[in-house]
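Visitor:
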Amino acid sequence: MKKNSVLNSTNSLYHPDKSVTKHARIKEYDKLYKESITDREGFWSKEAKGLHWYQKWDKVLDDSNKPFYKWFTGGKTNVIANAIDRHLLTETKNKLALIWEGEPGDMKTFSYFALGREVSKFANVLKAMGAKKGDIITIYMPQIPEIIIAMLACAKIGAVHSVVYGGFSVEALAERIADAHSRILITADGGFRRGKPTQLKAIADEAMRRSPTIDVCIAVRRTGEECYMENDRDFWWHDLMGMPIASSKCETEQTDAEDPLFILYTSGTTGKPKGLLHTHGGYSVYASTTFKYVFDIQPADRWWCAADPGWITGHSYIVYAPLMNGATTLLYEGAPNHPYPNRWWQMIEKYGVNIFYTSPTAIRGLMRYGASWADKHDLSSLRLMGSVGEPINPEAWKWYYDVIGKGHCPIMDTWWQTETGGFMITPLPITPLKPGSATKPFFGNEVAVVDEAGKAVPAGAEGNLVIKNPWPGMARTILGDPDQFIEKYWKHYKKQGWYLTGDSAKVDKDGYFWIIGRNDDVLKVSGYRLGSAEIESALVSHPAITEAAAIGLPDSLKGNIIHATVILREGFAPSDALVEELKKHVDNELGPIARPAHIEFAEKLPKTRSGKIMRRVLKARALGQEEGDLTTLEE
Ligand code: WT7
840 MKKNSVLNST NSLYHPDKSV TKHARIKEYD KLYKESITDR EGFWSKEAKG LHWYQKWDKV
900 LDDSNKPFYK WFTGGKTNVI ANAIDRHLLT ETKNKLALIW EGEPGDMKTF SYFALGREVS
960 KFANVLKAMG AKKGDIITIY MPQIPEIIIA MLACAKIGAV HSVVYGGFSV EALAERIADA
1020 HSRILITADG GFRRGKPTQL KAIADEAMRR SPTIDVCIAV RRTGEECYME NDRDFWWHDL
1080 MGMPIASSKC ETEQTDAEDP LFILYTSGTT GKPKGLLHTH GGYSVYASTT FKYVFDIQPA
1140 DRWWCAADPG WITGHSYIVY APLMNGATTL LYEGAPNHPY PNRWWQMIEK YGVNIFYTSP
1200 TAIRGLMRYG ASWADKHDLS SLRLMGSVGE PINPEAWKWY YDVIGKGHCP IMDTWWQTET
1260 GGFMITPLPI TPLKPGSATK PFFGNEVAVV DEAGKAVPAG AEGNLVIKNP WPGMARTILG
1320 DPDQFIEKYW KHYKKQGWYL TGDSAKVDKD GYFWIIGRND DVLKVSGYRL GSAEIESALV
1380 SHPAITEAAA IGLPDSLKGN IIHATVILRE GFAPSDALVE ELKKHVDNEL GPIARPAHIE
1440 FAEKLPKTRS GKIMRRVLKA RALGQEEGDL TTLEE
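Counting in the working numbering, the sequence shown runs from 840 upward without gaps.
#1: Any idea if Gln1447 is buried or exposed, counting beta-carbon neighbours within 10 angstroms, 16 or more meaning buried?
#2: Where does Lys857 land, buried or exposed, given buried means 16+ other C-beta within 10 angstroms?
#3: Would the C-beta of Gly1356 count as close to the ligand WT7, meaning under 7 Å from any of its heavy atoms?
#4: Determine the DSSP secondary structure at Gln1464, reduced to helix, strand or coil.
#5: Would you kindly check if the distance between the Cβ of Tyr1171 and the Cβ of Glu940 is under 8 Å?
#6: How close, in whole Å, do the beta carbons of Ala1160 and Ala1126 come, if the pair is a contact with beta carbons under 8 Å?
#7: Spatial neighbours of Lys842 within its chain, please: C-beta separation below 7 Å, excluding the five flanking residues on both sides.
#8: Assuming Pro1268 and Leu1223 are in contact, meaning their beta carbons sit under 8 Å apart, how far apart are those beta carbons, in whole angstroms?
#9: Out of Ile1355, Thr1385 and Val1364, state which residue places its alpha-carbon closest to the alpha-carbon of Val1346.
#10: Evaluate His1000 with the Cβ neighbour count: other Cβ atoms within 10 Å of its Cβ, from every protein chain shown; 16 or more gives buried, anything less gives exposed.
#11: Indicate, with yes or no, if the ligand WT7 has a heavy atom lying under 7 Å from the CB of Ser1226.
#12: Can you give the Cα-Cα distance for Cys1144 and Tyr1196, rounded to whole angstroms?
#13: Which same chain residues, not among the five before or five after Gly1275, have their C-beta less than 7 Å away from its C-beta?
#14: Applying the criterion that 16 or more other CB atoms from any shown protein chain within 10 Å of the CB defines a buried residue, is Ala1416 buried or exposed?
#15: Measure the alpha-carbon distance for Tyr979 versus Arg1203 and round it to whole angstroms.
#16: Using the C-alpha atoms, what's the distance from Gly889 back to Asp897?
#17: Between the C-alpha atoms of Ile1102 and Ala1017, what's the straight-line distance to the nearest angstrom?
#18: In angstroms, rounded to a whole number, what distance separates the CA positions of Lys995 and Ile1317?
#19: Can you list, in chain order, the residues of its chain whose CB lies under 8 Å from that of Lys1397, leaving out five sequence neighbours each side?
#20: Among Asp974, Lys966 and Asp924, which has the Cα closest to the Cα of Ser950?
#21: In whole angstroms, what is the alpha-carbon distance linking Asp1426 and Ser1211?
#22: I'd like the ranges of any alpha helix (DSSP H) spanning at least 4 consecutive residues and lying wholly in the region 1079-1162.
#23: Buried or exposed, going by whether 16 or more other CB atoms sit within 10 Å of the CB of Ser1087?
#24: May I ask you to check if the CB of Ile1151 is nearer than 7 Å to at least one heavy atom of the ligand WT7?
#25: Less than 7 Å between the CB of Asp1342 and some heavy atom of the ligand WT7, yes or no?
In C-alpha cells:
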C-alpha cells in the first residue's frame, strides 16, 4: 500500500494532493470568503445566475420579517428545470444520471433522458390521482430508483414531498402522515436488507389505519412478496405507469422561488418530529453551489453518496445537487457489509467511482474488518472523499484516508443539518486538513462559537455553535408551527439575530472548527438523528410503562447508543423477557434504529422541581461519573 499521508503532513496538517488541487474550481479560499461575506447577496446572486429561472428575482434577500427570511423573491424556477429539463437541451441528455444497484446485485441505469421520461410519466400519474400544486405527498420507500422518480415527479408538478425514511416504523410514519395531512402515499411492497425482504407495505397499511388521511396509496413491486392491496385505495406503480394516463409529456410547473419543495421531518427535543420546510429557489441555489465547490464535480465524474434518500443527505446530495450539476449519481439498496464487508469497495471499483461520501459510523464499522477487504479492490478511480453526520474520530479519519484514499484523496468533513439544507462548515479540495475538524465556514456564512451571552469563547474553549447570517438553503419554517421555529432556533440569540445550531463546538487558533456534538436532547445513533422524547413516548405507549427517560451513551462504533430507564405500572414486574418485549415494541413503533441498547427499571426518575427529567444525572449515573450540581433536583 502506498502511504503518502506521512510525507504529505506537516504538523498534522494534511495538504491536498496536486492531482486534486489542479482542477479544483476554487484556488484560494480566504479572499473569496471575505468577499462572500462582505457582499453576501452579490455572492448568491452570482451563483443563482448559473441556474435556470423562468423569471428572474426582484430581490436576492428579503429580511423584512426575521427570522422568516425569503430568498430570490419574485423569481420563478423549479428544481426540475435545473435537475432535468435544462440537461435535455445539451449533450448531458444521454449521459447517465443514475446508476442503481440493488442488494441482490441487480442493476439499472437511467440517462437524463430516461430519468426525465419516467419523472414525466409519474408526474402525470400523480395528477391523474388528483395531486395538485402545494399538496404534501408522503413517500415511504426502500432505496430503489422509484424513490428518486417519485420525489422528482412531486417537485415537477409543484407538489411537496415528505419522505419518511424506510427504516422507520408504524408510529413514526403515521405521525408524519397525520402532521402533513397527506392524501397520497407512495411506497413499495418492501426492499432488501441483508438478504431478507423487508415488509414496508404491511407497515404502511397499519400507519394508514392510524392516520386515515390517505386515500391513494401507490406501491412499487420490488420484492414480489405477497401483500395486502385495498380496493380503490392501493395501486401498483407498474399498473399505473402502463396506462394511457402515464404520458411522457408533462410541463414542469413554474414555481415561485419561495414555493415549498419538500418537508423533511427531523427529531428535536420534543416528542413530536418537526417538519422542516425547504423551497424551490434558495434550496436549489444552495445545494447546487455547495456541491459544485466542495466536491468539485467534473463532467466525467461518478459520484456516490452512500446515504439513504430518506434523509437530508440523500435529498441534497444523492438527488438534487448532483442532478442540478449534471453529474452521475449512484444509489445502492443494501448494507455495506452484505454479503461481505467488501461490498462498497467492490462497487467503487466496478463503477469507477471518483468521489465517495459516507458517514464516520460506516467507516468505523468497515474498519473493524481490517484493510484486506479494501485492498482486494482497485480504488484508484477515487479522487475525493467525504464524511458527514457526526464528528469523525482521527483514527477512523486516518484509516479512511490511508486505506481507502491511499493517502491522496482529501476528506471533505462536511458539517450541516436537516435545517441548513446544505454544507455549512466544510473544507474545499484545496483546504489543508486536520483529522476530525470540519475546518472552515462555506462561502457566505459567518459561524462562531459563543457563550450563553453571545460572547465569542477563547480559542480552544467549548461553546454554542451559531450561524450569524441567513443563507439561501436555510429551512423556512416548521410545518404548521412557526412559533416552534422561532423557539428552537432563533430565540436563544434573539438580540443578535443568530441561528442556534444545537451543537457544541470549539475553534482552534487557526480558525478551524471542531464539532463536539449535540448539547440538547438529540442523539446521533449511527449518524441517525433521534430525540430522547420520541424514544420515551414509544416506550410509554407500552402498557407496562408509565414513565421513561432515554439518554445517549458514547459508543465507539455507533457514536451514541440508547440507554433507557423505565418505571413500571402497578402489577408489572421487571424481567429479561419484558426488556426484550420493550425493545421489540420500540422497533415496531419507531424503527430498529431507535431500539434501546439497554433498558433499566427504576422506582423513580431524577427530576427538577418543575418536573423536567434530569437526563444529565441519568447519564452521569450510567457512566459512573459524578452527578454534578443537584440543587435543582426535586425533594
Ligand atoms: C447534526 C445534524 C446534515 C447531514 C446529516 C445529519 C451532526 C452532521 C457533522 C460533521 C460533526 C456533524 C451535528 C448536527 N453532524 N455533520 N461533519 N461533524 N457533526 O443531519 O440528521 O439533521 O443532524 O448532525 O450534531 O447538528 P441531521
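C-beta: ideal position from N, C-alpha, C; glycine also.
Guide: Checking against the coordinates, here is how it stands:
#1: Position 608 of the sequence shown holds residue 1447. Sequence check: residue 1447 is Thr here, not Gln. Result: exposed.
#2: Residue 857 sits at position 18 when you count from the first residue of the sequence shown. Sixteen is the threshold: since fewer than 16 other Cβ atoms of the shown chains lie within 10 Å of the Cβ of Lys857, the residue is exposed.
#3: Position 517 of the sequence shown, counting from 1, holds the residue named residue 1356. True, at least one ligand heavy atom lies under 7 Å from that Cβ.
#4: Residue mapping note: residue 1464 aligns to position 625 of the sequence shown, counting from 1. The answer is coil: DSSP assigns Gln1464 none of H, G, I, E or B.
#5: Here the question's residue 940 lines up with position 101 in the sequence shown. Here the question's residue 1171 lines up with position 332 in the sequence shown. Yes, the Cβ-Cβ distance between Glu940 and Tyr1171 is below 8 Å.
#6: Stepping through the sequence shown from its first residue, residue 1160 is reached at position 321. Stepping through the sequence shown from its first residue, residue 1126 is reached at position 287. Right, their Cβ atoms sit about 4 Å apart.
#7: Within the sequence shown, residue 842 is the residue found at index 3, counting from 1. Summary for Lys842: the model assigns pLDDT 41, below 50, so the residue's position carries little reliability; its value from the coordinates is reported in the next sentence. Hits under 7 Å: Asp1241 and Gly1246.
#8: Residue mapping note: residue 1268 aligns to position 429 of the sequence shown, counting from 1. Residue mapping note: residue 1223 aligns to position 384 of the sequence shown, counting from 1. Right, their Cβ atoms sit about 6 Å apart.
#9: As a working note, residue 1346 is residue 507 in the sequence shown. Looking at Ile1355, Thr1385 and Val1364, the one whose alpha-carbon comes closest to that of Val1346 is Ile1355.
#10: Working through the sequence shown from its first residue, we reach residue 1000 at position 161. Counting C-beta atoms within 10 angstroms of its own C-beta, His1000 has 16 or more neighbours from the protein chains shown and is therefore classed as buried.
#11: The count along the sequence shown starts at 1 and reaches residue 1226 at position 387. Yes.
#12: The residue labelled residue 1144 in the question sits at position 305 within the sequence shown. The residue labelled residue 1196 in the question sits at position 357 within the sequence shown. If you take the alpha carbons of Cys1144 and Tyr1196, they lie about 5 Å apart.
#13: Here the question's residue 1275 lines up with position 436 in the sequence shown. Hits under 7 Å: Pro1230, Ile1231, Asn1232, Pro1233, Trp1236 and Trp1353.
#14: On the sequence shown, residue 1416 is found 577 positions in, with the first residue counted as 1. With fewer than 16 Cβ atoms within 10 Å of its Cβ, Ala1416 is classed as exposed.
#15: One-based indexing of the sequence shown puts residue 979 at position 140. One-based indexing of the sequence shown puts residue 1203 at position 364. C-alpha separation (whole angstroms): 28 Å.
#16: Along the sequence shown, read from residue 1 onward, the residue named residue 897 stands at position 58. Along the sequence shown, read from residue 1 onward, the residue named residue 889 stands at position 50. Going by C-alpha positions, Asp897 is about 16 Å away from Gly889.
#17: Within the sequence shown, the letter at position 263 stands for residue 1102. Within the sequence shown, the letter at position 178 stands for residue 1017. One alpha carbon belongs to Ile1102, the other to Ala1017, and they sit about 13 Å apart.
#18: Translated into positions along the sequence shown, residue 995 becomes position 156. Translated into positions along the sequence shown, residue 1317 becomes position 478. Looking at the two C-alpha atoms, the distance is approximately 23 Å.
#19: For this step, residue 1397 is matched to residue 558 along the sequence shown. Here the set comprises Thr1200, Val1364 and Ser1365.
#20: Taking the sequence shown and counting its residues from 1, one reaches residue 950 at position 111. Per the Cα distances, Asp924.
#21: Within the sequence shown, residue 1426 is the residue found at index 587, counting from 1. Within the sequence shown, residue 1211 is the residue found at index 372, counting from 1. Distance from the CA atom of Asp1426 to the CA atom of Ser1211, rounded to whole angstroms, is 34 Å.
#22: Counting only runs of 4 or more, we get 1119-1133.
#23: The residue given as residue 1087 occupies position 248 in the sequence shown. With fewer than 16 other Cβ atoms within 10 Å, it is exposed.
#24: On the sequence shown, residue 1151 is found 312 positions in, with the first residue counted as 1. The nearest non-hydrogen atom of the ligand WT7 is less than 7 Å from the C-beta of Ile1151.
#25: Against the sequence shown, residue 1342 aligns to sequence position 503. Because some heavy atom of the ligand WT7 lies under 7 Å away, the Cβ of Asp1342 counts as near it: yes.
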